[in-house]
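Colleague: The sequence shown lines up with residues 8 to 63 when you count with the numbering used here.
Where a beta carbon is used, it is the ideal one built from N, C-alpha and C, also for glycine.
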Amino acid sequence: MGRQRKKSDLPTKNCAVCGLPFAWRKKWEQCWDEVKYCSERCRRRRNQDYSQSHQD
């Protein structure tokens, strides 16, 4: 088995929708360059204006 890496050593990106940072995951190993969203929720909201969804 390979050596495990610390979470702080993993590459990170900022989500295109919410702007929060997220770390690399094993399931994204083959497509990390194409990953833009931190979650399925943000991926579904990509075409909506994020500020409109938070109005009263």
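For Cys45, does the count of other Cβ atoms within 10 angstroms reach 16, so buried, or fall short, so exposed?
Modeller: buried
Colleague: According to DSSP, is Lys13 helix, strand or coil?
Modeller: In the displayed model, Lys13 falls within coil according to three-state DSSP, outside both helix and strand.
Colleague: Does the distance from the C-beta atom of Phe29 to that of Cys22 stay below 8 angstroms?
Modeller: yes
Colleague: Nearest-angstrom Cα distance between Val24 and Lys34?
Modeller: 20 angstroms
Colleague: Among all the DSSP beta bridges, which residues are the ones paired with Lys20?
Modeller: DSSP, once it has assigned bridges, lists Phe29 as partnering Lys20.
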